[in-house]
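25 is the number of the first residue of the sequence shown in this note's numbering; add one for each residue after it. For glycine and all other residues, C-beta sits at the position ideal for the given N, C-alpha and C. Since we're looking at a predicted model, the values are computed, not measured.
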Amino acid sequence: MTLPILRRFGGLLLGATLVACQTGEDETLLSGDVQGTTYHIKMVLDGLPADQTELKRAVDAVYDDIDLKLSNYREDSEISRINRAATTDWLTVSPEIAELVDIARQVHDKTDGCYDLTVKPLFDLWGFSRHQTRVPTDAEIAAVLPHIGMDKLEVDVPGRRLRKKDPALRIDLSSIAQGYTVGRVAGLLEAKGIQNYLVEIGGEMQVKGRKANGKPWRVAVEKPTPYTREVERILDVHQTEGTAIMTSGTYRNFFEEGGKTYSHILDPRTGRPVDHHLLSTTVLHPDPTWADAWSTALLCLGEQKGYAIAERERLKALLIYGENGGLKERFTPAFGAEMPMATTPASPLSTRAPAAVTETR
25 MTLPILRRFG GLLLGATLVA CQTGEDETLL SGDVQGTTYH IKMVLDGLPA DQTELKRAVD
85 AVYDDIDLKL SNYREDSEIS RINRAATTDW LTVSPEIAEL VDIARQVHDK TDGCYDLTVK
145 PLFDLWGFSR HQTRVPTDAE IAAVLPHIGM DKLEVDVPGR RLRKKDPALR IDLSSIAQGY
205 TVGRVAGLLE AKGIQNYLVE IGGEMQVKGR KANGKPWRVA VEKPTPYTRE VERILDVHQT
265 EGTAIMTSGT YRNFFEEGGK TYSHILDPRT GRPVDHHLLS TTVLHPDPTW ADAWSTALLC
325 LGEQKGYAIA ERERLKALLI YGENGGLKER FTPAFGAEMP MATTPASPLS TRAPAAVTET
385 R
């Protein structure tokens, strides 16, 4: 997630332009631009009678449906209507929103509150929402903090309901919604019998099976440096049952003021950007929604506490942090034990997408 937390779902899925073609390796490619980012879907059809035009329409419908429910940049979206509802009554919501809030609540509880969907007022205050960044005053931060906290939000998943204990509470699903979208698109492919694929939206990815030539999918993780795009490491994904690969980073969306750098990763407990040396986190998980939430949560926690919690939760995680002017990598035991890896010297990444992880040959 090198794009800002509020970036990735800011109208992300409106106006998708879909392109399909057959690659030289008998892999069918769907790709295009969606507002704010790009997406690429590679599929091995294995003789399936897939109608590419119909498949494009189906993918487009998934994007439109999710955008209408989860986008904070659409006034007519469901989440925007929920945020405008100044009430403490139970609100009926779509099953997607109830599910995402429930997953986020669980990650919040496991991270001492560092991961929190109710940070939207803080993003607005710091200007990350509309790319009008500034350093707010202590008084402004103090005024917003009482309206932040997942403890002020109740969810009833079976009943598909939310309740804001504070009517001023506002929710932002950007740090989890793109992973959910990847999962929805992957589920669509599998429903059509496609079992070998790579789905990537803005650098968030899920892969399953093998490439058309029988080789594993190869994924490049970006070096977390702000002004260059180079490969830090290449992962050979041998898990044919499928895995999500999600990366979050502090090094793309930030601003400088008064000689100090301010990251877009805000700690909801302080109301201020995180102040540690962790630059990026990559999480592998069977479920892309969980992977997306965890990659952001670990990035909020920092290189020490983030690693400790990732190890405790048995997450497959790669943490890259700055130390003495260089970069250091740290893998959790679960990652090192189950994820065969290939390393590569630093080299330029393709400019096809603003992605922290990208498929490579």
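Best match in the options for proximity to residue i [C-alpha to C-alpha]
i, options, result
"residue 206", "267, 164, 186, 187", "267"
"residue 332", "248, 281, 135, 142", "135"
"residue 261", "156, 239, 103", "239"
"residue 247", "264, 172, 271", "271"
"residue 190", "254, 327, 168", "168"
"residue 258", "192, 75, 293, 241", "241"
"residue 157", "296, 87, 226", "296"
"residue 292", "67, 52, 214, 138", "138"
"residue 81", "209, 125, 154", "209"
"residue 351", "220, 288, 327", "327"
"residue 103", "122, 112, 113", "122"
"residue 126", "177, 111, 153, 269", "177"
"residue 112", "186, 221, 337", "186"
"residue 346", "330, 249, 280, 298", "249"
"residue 276", "253, 283, 284", "253"
"residue 73", "118, 83, 87, 52", "52"
"residue 98", "124, 120, 154", "154"
"residue 61", "228, 329, 324", "228"
Residue i, enclosing alpha helix (DSSP H) - first and last residue
i, result
"residue 66", "Segment 61 to 68 is the beta strand (DSSP E) holding residue 66; no alpha helix (DSSP H) there."
"residue 247", "Counting along the chain, residue 247 falls outside any alpha helix (DSSP H), and DSSP gives it neither H nor E."
"residue 193", "Run containing residue 193: none; DSSP gives neither H nor E here."
"residue 76", "76 to 94"
"residue 425", "Any answer about residue 425 is impossible in this case: the structure gives the chain only from 25 up to 385."
"residue 458", "Past the edges of the chain, shown from 25 to 385, lies residue 458, and the structure says nothing about it."
"residue 106", "102 to 108"
"residue 336", "327 to 336"
"residue 178", "From DSSP, residue 178 is part of no alpha helix (DSSP H) but of the beta strand (DSSP E) over 177 to 180."
"residue 132", "119 to 134"
Spatial distance of residue i from residue j (CA atoms)
i, j, result
"residue 50", "residue 237", "8 Å"
"residue 149", "residue 303", "23 Å"
"residue 404", "residue 159", "The requested residue 404 is not part of the displayed model; the chain covers only 25 to 385."
"residue 129", "residue 144", "16 Å"
"residue 108", "residue 357", "44 Å"
"residue 101", "residue 92", "5 Å"
"residue 355", "residue 204", "25 Å"
"residue 115", "residue 105", "10 Å"
"residue 70", "residue 79", "16 Å"
"residue 141", "residue 218", "33 Å"
"residue 224", "residue 132", "26 Å"
"residue 45", "residue 175", "Confidence at residue 45 is low in this model, with a pLDDT of 37, below 50, so its placement is unreliable and the value that follows should be read with caution. If I take the Cα positions, the gap works out to 48 Å."
"residue 386", "residue 85", "Missing from the structure shown is residue 386; the chain here goes from 25 to 385 and no further."
"residue 264", "residue 310", "11 Å"
"residue 290", "residue 172", "12 Å"
"residue 369", "residue 255", "Low confidence applies to residue 369: its pLDDT is 41, below 50, so where it sits in the model is not reliable, and the reading given next is rough at best. If I take the Cα positions, the gap works out to 7 Å."
"residue 194", "residue 147", "11 Å"
"residue 300", "residue 89", "37 Å"
"residue 67", "residue 294", "44 Å"
"residue 288", "residue 336", "26 Å"
"residue 170", "residue 244", "41 Å"
"residue 48", "residue 313", "With a pLDDT of 44 at residue 48, under the threshold of 50, the predicted position of this residue should be treated as unreliable, though the coordinate-derived value follows. Straight-line Cα distance between these residues: approximately 32 Å."
"residue 353", "residue 56", "33 Å"
"residue 162", "residue 298", "16 Å"
"residue 75", "residue 87", "19 Å"
Unbroken beta strand (DSSP E) run spanning residue i, endpoints
i, result
"residue 354", "350 to 355"
"residue 115", "114 to 116"
"residue 346", "340 to 347"
"residue 230", "228 to 232"
Classification of residue i by the beta-carbon crowding that lies within 10 angstroms, buried from 16 upward
i, result
"residue 95", "buried"
"residue 251", "exposed"
"residue 321", "buried"
"residue 334", "buried"
"residue 188", "buried"
"residue 226", "buried"
"residue 348", "exposed"
"residue 338", "exposed"
"residue 213", "buried"
"residue 7", "Because the chain in this structure spans residues 25 to 385, residue 7 falls outside the shown range and cannot be described."
"residue 360", "exposed"
"residue 64", "buried"
"residue 269", "buried"
"residue 211", "exposed"
"residue 283", "exposed"
"residue 285", "exposed"
"residue 43", "Summary for residue 43: the model assigns pLDDT 36, below 50, so the residue's position carries little reliability, and this model does not support an answer."
Closer than 8 Å to chain C by CB, residue i
i, result
"residue 171", "Looking for chain C here will not work: only one protein chain is present."
The ligand SAM heavy atom lying under 7 Å from the CB of residue i
i, result
"residue 112", "As far as ligands go, the structure on display features none, and thus does not contain the ligand SAM."
Can you find at least 3 beta carbon pairs, one from the stretch 191 to 200 and one from the stretch 311 to 326, that sit closer than 8 Å?
yes
Three or more beta-carbon pairs under 8 Å between the stretch 170 to 181 and the stretch 226 to 234, yes or no?
no
Meets three-Cβ-pair contact criterion under 8 Å: the stretch 305 to 313 and the stretch 337 to 351
yes
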